[in-house]
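Undergrad: Below: one structure in structure tokens.
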Amino acid sequence: MRHVRISKDGMMKPVMIGQLASETSTKVTTIRFYESIGLLRSAPRTASGRRTYDASDIERLHFIRNGRRLGFSVDEIRSLMGLAQNPDQDCGAASAIAAQHLKDVEERLAQLAVLRDELAMLSQSCTKARMADCRIMKAIGKGHPQADQ
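Quick note: the sequence shown, position 33, residue 33 per the UniProt record's numbering, numbers continuous.
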């Protein structure tokens, strides 16, 4: 990872989209997407039309990336970022968003556990017979794992 450039007065020099991508391990197309949906501000442009970014953009993109890594949706991240605009308010709203997301993750984990069990049963049902007699293919075709057992 490269480090941002600092000017003589101690301020960060604006960086181009490629360096922002490198600093945040984010694809350029993803940065453009986040701009297009308003998660990132529309970057100012140089005379030649190249986007420029500052330290606040890097911080904001790190926030977005960390939120996505935790599985928050774009809308949840947008809400959390909106809450951050008022640092003196209590964090109850952020806690509620996180609690709902945790509930959603737990529901998804329960669904995945059922899926794992179903796939394990299917896998164990394989008799290595001809494809025409394959229990796995029949179960998938019928939509349930107990097909022809």
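Every residue, glycine too, gets a C-beta built ideally from N, C-alpha and C.
By the 10 Å Cβ neighbour count, where 16 or more other Cβ atoms means buried, how is L119 classified, buried or exposed?
TA: In the sequence shown, residue 119 corresponds to position 119, counting from 1. With fewer than 16 Cβ atoms within 10 Å of its Cβ, L119 is classed as exposed.
Undergrad: Across which residues does DSSP place R60 in a beta bridge pair?
TA: Stepping through the sequence shown from its first residue, residue 60 is reached at position 60. According to DSSP, which records beta bridges pairwise, R60 is partnered with nothing at all.
Undergrad: By how many angstroms is the C-alpha of M16 removed from the C-alpha of R50?
TA: Position 50 of the sequence shown, counting from 1, holds the residue named residue 50. Position 16 of the sequence shown, counting from 1, holds the residue named residue 16. If I take the Cα positions, the gap works out to 7 Å.
Undergrad: For E76, which of L39, Q111, D90 and A55 has the nearest alpha-carbon?
TA: The residue you call residue 76 lines up with position 76 of the sequence shown. Of the candidates L39, Q111, D90 and A55, the one whose C-alpha sits nearest the C-alpha of E76 is L39.
Undergrad: To which residues does DSSP link Y34 through a beta bridge?
TA: Residue 34 sits at position 34 when you count from the first residue of the sequence shown. In DSSP, Y34 forms no bridge with anything.
Undergrad: Beta carbon of residue 150, beta carbon of R65: below 8 Å?
TA: Beyond the ends of the chain as shown, which are 1 and 149, falls residue 150; an answer cannot be given.
Undergrad: Quick check on T26: does DSSP put it in helix, strand or coil?
TA: In the sequence shown, counting from the first residue as 1, residue 26 sits at position 26. Looking at T26 - three-state DSSP - the assignment turns out to be coil, as it is neither helix nor strand.
Undergrad: Just reading off the alpha helix (DSSP H) that S123 is part of, what are its end residues?
TA: Within the sequence shown, numbered from 1, the residue matching residue 123 stands at position 123. That run of the alpha helix (DSSP H) goes G92 to S125.
Undergrad: Indicate the three-state DSSP secondary structure (helix, strand or coil) for R51 in the structure shown.
TA: Residue mapping note: residue 51 aligns to position 51 of the sequence shown, counting from 1. Strand at R51.
Undergrad: Could you give the C-beta distance for L20 and D57, rounded to a whole number, given that I count them as a contact under 8 Å?
TA: Translated into the one-based positions of the sequence shown, residue 20 becomes position 20. Translated into the one-based positions of the sequence shown, residue 57 becomes position 57. Their Cβ separation, rounded to whole angstroms, is 6 Å, which keeps L20 and D57 in contact under 8 Å.
Undergrad: Do G71 and V105 have their beta-carbon atoms positioned less than 8 Å apart in this structure?
TA: The count along the sequence shown starts at 1 and reaches residue 105 at position 105. The count along the sequence shown starts at 1 and reaches residue 71 at position 71. Their beta carbons are under 8 Å apart, which means V105 touches G71 by this criterion.
Undergrad: Check whether the Cβ atoms of I136 and S125 lie closer than 8 Å to each other.
TA: Start at 1 with the first residue of the sequence shown, and residue 136 comes out as number 136. Start at 1 with the first residue of the sequence shown, and residue 125 comes out as number 125. Yes, they are a contact pair.
Undergrad: Please name the residue or residues paired with R45 in a DSSP beta bridge.
TA: By one-based count along the sequence shown, residue 45 stands at place 45. Per DSSP, R51.
Undergrad: For P14, does the count of other Cβ atoms within 10 angstroms reach 16, so buried, or fall short, so exposed?
TA: Here the question's residue 14 lines up with position 14 in the sequence shown. Result: buried.
Undergrad: Use the C-beta contact count for A43: other C-beta atoms within 10 angstroms, 16 or more gives buried, fewer gives exposed.
TA: Translated into positions along the sequence shown, residue 43 becomes position 43. Looking at its Cβ environment, which holds 16 or more other Cβ atoms inside 10 Å, A43 is buried.
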